[in-house]
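Student:
Number of protein chains: 2
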Amino acid sequence: MLSIGNLAKSTGVKVPTIRFYEQIGLLPAPDRTDSDRRVYDQVAVRRLAFIRHARELGFALDAIRTLLGLADHPERDCAEANALALEQLATVDAKIAQLQALRGELKQMVDGGCQGAAAECRVIETLADHGRCAAPHAAPARHALA
Amino acid sequence: MLSIGNLAKSTGVKVPTIRFYEQIGLLPAPDRTDSDRRVYDQVAVRRLAFIRHARELGFALDAIRTLLGLADHPERDCAEANALALEQLATVDAKIAQLQALRGELKQMVDGGCQGAAAECRVIETLADHGRCAAPHAAPARHALA
DNA sequence: CTGCATCCTCTAGCGACTAGACGATCAAGC
DNA sequence: GCTTGATCGTCTAGTCGCTAGAGGATGCAG
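Protein sequence lines correspond, in order, to chains A and B.
Residue numbering for the first sequence follows numbering that gives the first Met the number 0, beginning at 0 and increasing consecutively.
Residue numbering for the second sequence follows numbering that gives the first Met the number 0, beginning at 0 and increasing consecutively.
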C-alpha cells in the first residue's frame with residue numbers, strides 16, 4: 000500500500016500527473032484513508048507503469064486508453080493494439096524524416112557562417128528568402144518541435 | 000495592397016494564424032479600410048514569409064521575435080542569430096536521436112507479431128513490462144510527438 | 001509540540017494555434 | 001437594385017499533456 004508520493008517515486012510519474020490521470024479516467028479513483036488521502040496497491044503500480052511506458056513510446060493518451068482497455072480484457076482481439084502500434088511507428092518514421100530534412104537546411108544555414116552585422120548574416124538572409132532553400136520543406140506537424 | 004485572405008494565400012499562412020500573430024505582436028497592426036478591414040503591403044508579405052520559414056524550421060515564436068528584431072536592425076550584431084540557429088540545430092539533433100531510439104523499440108514490439116487474443120499480444124505485453132526493453136529509453140521531450 | 005514535508009482541491013497557464021458563434025460587408029450575377 | 005455567398009470583423013473556448021500556484025489540512029520526526 001502506497002501513498003501518492005510513493006507511487007510517484009516507484010513509477011517515476013510525478014504526483015500532479017497521477018492526479019491528472021485519475022481526473023481524465025486513465026487511472027481508477029483509488030481508496031482513501033480517513034483523512035481523504037489516496038492509497039494505492041500493486042495493481043495501480045502496474046497500471047501506471049504501463050501508462051508511463053506507453054507515453055515514453057509516444058502513444059497519445061487516447062491510444063493508451065484503448066490499449067489499457069485491451070490489457071484489461073485479455074479475451075478481446077488484439078488487432079486494435081497492433082494497429083495502434085503500427086500507426087505509432089508510422090508517425091515516428093514520418094517525424095524522423097521530417098526532422099532530418101529540417102536538420103539539413105539548418106545545418107546549411109549555420110555553416111554559411113555569420114560574423115559582424117546582421118545585414119550580412121547568412122542565418123537571417125536564409126530565413127528571409129525561402130527561395131534559397133536547397134530542398135522544399137513542409138511545415139513540421141504540430142508539436143513536432145519544442 | 001492585399002486583404003488578409005490574399006495575404007494568407009500568398010504566404011500559405013492561414014487567416015486566423017495571421018490575426019493571432021498580430022495579437023501577440025509578431026506582425027504590426029496593419030492599416031484598415033473604412034469598414035475596418037485589414038490592408039497589407041509587400042513589407043507585410045515579406046515579414047510573414049520570414050516568420051513562416053522560421054516556423055517551418057522549428058524556431059519557437061519567441062526566437063522568431065528575436066530574429067525579426069535583428070532583421071529589422073541590420074546594424075546590430077548577428078551573434079545572437081547564430082546562437083539561436085545553433086541551439087535549434089542541437090534541439091533537432093537531440094530529437095532525431097530520441098525518435099530513433101523510440102523507433103527501435105516500437106519496431107521490435109510490432110515485429111513480435113500478435114494474433115488472436117489480447118492475452119498473448121506482444122504489443123500489450125511489451126508495454127506492460129518495461130524490463131523487456133532492449134535498451135533504456137527516457138521520456139521524449141514534451142511535445143516531441145503528436 | 002513545533003516544524004516541515006506531504007497531502008488535499010481548485011484554478012489558471014504553457015505553446016501555437018484551431019474552431020465556432022455571430023454579425024457586418026463585399027463582389028458578382030440577375 | 002437585389003440577392004446570395006464568400007469574406008471579413010470580434011470574441012470566446014477548445015486542443016494536448018501536463019505544470020504551477022494558492023490556500024488549507026494532515027502526518028511524522030525530533
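Each residue gets a CB set at the ideal place from its N, CA and C atoms; glycine is no exception.
All values reported here derive from a predicted model rather than from experimental measurement.
Cβ of A:L126 within 8 Å of Cβ of B:F49?
Tutor: Your numbering for residue 126 of chain A matches position 127 in the first sequence. Your numbering for residue 49 of chain B matches position 50 in the second sequence. Yes, the pair counts as a contact, with Cβ atoms nearer than the cut-off.
Student: Quick one: using the 10 Å Cβ neighbour count with 16 as the cut-off for buried, is B:M0 buried or exposed?
Tutor: Numbered from 1 along the second sequence, position 1 holds the residue referred to as residue 0 of chain B. With fewer than 16 other Cβ atoms within 10 Å, it is exposed.
Student: For the segment 29-47 of chain A against the segment 74-85 of chain A, do three or more pairs of beta-carbon atoms, one drawn from each stretch, fall closer than 8 Å, so that the two count as touching?
Tutor: Too few Cβ pairs lie closer than 8 Å, so no.
Student: Would you mind reading off the limits of the alpha helix (DSSP H) that contains A:A84?
Tutor: Numbered from its first residue, the first sequence carries residue 84 of chain A at position 85. Looking at the DSSP string, the run of the alpha helix (DSSP H) that includes A:A84 is A78 to D110.
Student: Measure the CB-CB distance between A:L98 and B:L88 and report whether it falls below 8 Å.
Tutor: To locate residue 98 of chain A, count along the first sequence from 1; it is residue 99. To locate residue 88 of chain B, count along the second sequence from 1; it is residue 89. For A:L98 and B:L88, no; Cβs fall outside 8 Å.
Student: Please tell me whether A:L67 and A:A80 are closer than 8 Å, where the distance is taken between their beta carbons.
Tutor: Taking the first sequence and counting its residues from 1, the one referred to as residue 67 of chain A is at position 68. Taking the first sequence and counting its residues from 1, the one referred to as residue 80 of chain A is at position 81. No, the pair does not count as a contact, with Cβ atoms beyond the cut-off.
Student: Could you tell me whether the Cβ atoms of B:V44 and B:L6 are closer together than 8 Å?
Tutor: On the second sequence, position 45 is the one that residue 44 of chain B refers to. On the second sequence, position 7 is the one that residue 6 of chain B refers to. Yes; because the gap between Cβ atoms is below 8 Å, this pair is in contact.
Student: Only counting the same chain, and skipping five residues up and downstream in sequence, which positions put a Cβ closer than 8 Å to that of B:V14?
Tutor: Locating residue 14 of chain B in the second sequence gives position 15, where the first residue counts as 1. I3, G4 and A7.
Student: Secondary structure at B:V12, three-state DSSP: helix, strand or coil?
Tutor: In the second sequence, the residue the question calls residue 12 of chain B occupies position 13. The answer is coil: DSSP assigns B:V12 none of H, G, I, E or B.
Student: At what residues does the alpha helix (DSSP H) containing A:H52 begin and finish?
Tutor: Looking up residue 52 of chain A in the first sequence gives position 53. A:H52 -> alpha helix (DSSP H) spans Q41 to E55.
Student: Using 8 Å as the limit for Cβ to Cβ distance, is B:K94 near chain A?
Tutor: In the second sequence, residue 94 of chain B corresponds to position 95, counting from 1. Yes, B:K94 counts as interfacial toward chain A.
Student: Run down chain A in chain order and give the residues with a C-beta less than 7 Å from the C-beta of B:A84.
Tutor: As a position in the second sequence, residue 84 of chain B is number 85, starting the count at 1. Those are L105, M108, V109 and V122, listed as they occur along chain A.
Student: Note down the Cα distance separating B:L85 from A:I63, rounded to an integer number of angstroms.
Tutor: As a first step, residue 85 of chain B is located in the second sequence; it is residue number 86 there, counting from the start. As a first step, residue 63 of chain A is located in the first sequence; it is residue number 64 there, counting from the start. Cα-Cα distance, rounded: 35 Å.
Student: Return the CA-CA distance between B:H52 and A:D110, expressed in angstroms with no decimal places.
Tutor: Here residue 52 of chain B refers to the residue found at position 53 of the second sequence. Here residue 110 of chain A refers to the residue found at position 111 of the first sequence. Going by the C-alpha atoms only, they are around 18 Å apart.
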